Amino acid sequence: MSSQTQTTSSPKRIFCYGDSLTAGTAPPSDQLFPYGPHLEEELNRCSNSAQAAVMVRWRGLPGWAASALVEYIDDSTYGLRATLTGIRNPSISLVIILAGTNDIGSLTSSMMGGGSKNSIDANLAVDPILCLHKSCLECEGDDGKRNIHTLAVGIPGSAWQEMNPDASKLCAEMNYALKKFASDGASDGDDSSRVTYVDFPFSYSRGDSKWSGDGLHLSQEGYETLGKCLAPCVKEILDRED
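Here the working numbering runs 24 ahead of the position in the sequence shown, where the first position is 1.
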């Protein structure tokens with residue numbers, strides 16, 4: 025259903041933030057295929073005429089680790105917090121954060137083979153991603169209240185993780201920490217109760233048409249699938265606000 029046939033109330037705004045997987049990088053193509061438009065289309069298709077239209081925008085920064093996203097969090101061009109505080113009437117309802125792939129790569133690039141003695145603290149590795157979520161939770165909307173929700177999308181697999189057990193282990197541990205952050209907040213009733221975790225909707229498989237040949241990025245088909253697969257979880261979050 026198109027937004028033209030829906031209610032004339034203010035649209036619900038969603039902002040997708042992250043690295044190249046949010047930008048839609050799909051080597052060897054120079055074109056970007058972000059999942060945001062497919063998410064928006066699916067959400068509006070599934071809504072009814074009494075619900076506000078959904079508007080999805082995105083910012084993906086290829087090659088950026090989550091630690092860099094935090095470092096530039098208040099930057100007027102790249103920063104997440106700067107973006108959220110600058111969007112009003114209406115404010116952002118939901119921020120979707122997909123980050124961590126580059127962190128895993130940089131942290132494990134010198135670790136080949138199984139069972140490295142120099143293990144990586146997954147909690148330290150995931151802290152920048154949690155910082156991004158916390159910054160969203162602290163932002164005030166048009167009404168002066170802190171009511172932004174966030175969706176933590178699990179870090180996907182990759183060819184690198186298939187080759188490097190340390191990278192695969194770190195990914196699993198980081199995803200566990202993200203899931204725990206969301207579930208602990210829900211049970212404690214604090215600000216983190218506005219955080220939802222969802223596993224990445226499909227696994228990496230060599231030769232799968234949803235993945236680019238580099239074994240790291242998605243294909244055009246993969247980004248479309250990602251956007252459509254995230255829609256049910258996103259719709260559930262938005263419906264809870266109504």
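The C-beta atom is built at its ideal place from N, Cα and C for all residues, glycine as well.
Since this is a predicted model, take the numbers as computed values, not measurements.
Determine the DSSP secondary structure at residue i, reduced to helix, strand or coil.
i      : result
Ala76  : coil
Arg170 : coil
Tyr96  : coil
Gly41  : Checking the sequence shown, residue 41 turns out to be Tyr, not Gly. Note: Tyr41 maps to strand in three-state DSSP.
Trp184 : helix
Ala89  : coil
Gly84  : strand
Leu267 : Residue 267 is absent from the structure shown; the chain starts at 25 and stops at 266.
Glu164 : coil
Ala50  : coil
Could you spell out where the alpha helix (DSSP H) holding residue i opens and where it closes?
i      : result
Gly129 : Thr125 to Thr132
Ser44  : Ser44 to Ala47
Ala146 : Ala146 to Leu161
Thr109 : Leu104 to Gly110
For the beta strand (DSSP E) holding residue i, just list the boundary residues, first then last.
i      : result
Ile121 : Ile116 to Leu122
So the candidates are the options; which of them puts its Cα closest to the Cα of residue i?
i      : options                           : result
Gly48  : Gln185, Tyr59, Asn147 and Asp98   : Tyr59
Lys234 : Ser91, Tyr221 and Thr249          : Thr249
Ser227 : Gln55, Asn68, Glu186 and Glu197   : Glu186
His62  : Ala123, Arg105 and Met79          : Met79
Ser33  : Ala92, Asn113 and Leu108          : Asn113
Thr125 : Leu104, Ile179, Phe224 and Gly251 : Ile179
Leu148 : Glu162, Cys163, Thr107 and Glu197 : Glu197
Ser115 : Ile121, Ser71 and Gly168          : Gly168
Ser133 : Trp184, Tyr102 and Glu95          : Trp184
Sorted by chain position, which residues of the same chain lie with C-beta nearer than 8 Å to residue i's C-beta, five sequence neighbours on each side aside?
i      : result
Leu154 : Ala201, Leu202 and Phe205
Please go through the same chain and pick out, in chain order, the residues whose beta-carbon is closer than 6 Å to the beta-carbon of residue i, but skip the five residues on each side of it.
i      : result
Asp238 : Pro51
Cys160 : Val119, Ile172 and Thr174
Pro35  : Ala76, Ala77 and Met79
Tyr221 : Ala176, Leu202, Lys203 and Ala206
Leu254 : Leu63
Ser100 : Ala106
Gly251 : Tyr59, His62 and Leu63
Might you give, ordered along the chain, the residues of its own chain that have their beta carbon closer than 7 Å to the beta carbon of residue i, omitting 5 neighbours on each side?
i      : result
Leu131 : Ile144, Ala149 and Leu194
Ser91  : Asp127 and Pro152
Can you determine whether any heavy atom of the ligand NAP sits closer than 6 Å to the C-beta of residue i, and answer yes or no?
i     : result
Glu65 : Within the structure as shown, the ligand NAP is missing, as the structure has no ligands at all.
Taking the runs of the alpha helix (DSSP H) that are 4 residues or longer, which of them lie wholly in the segment 214-264? none
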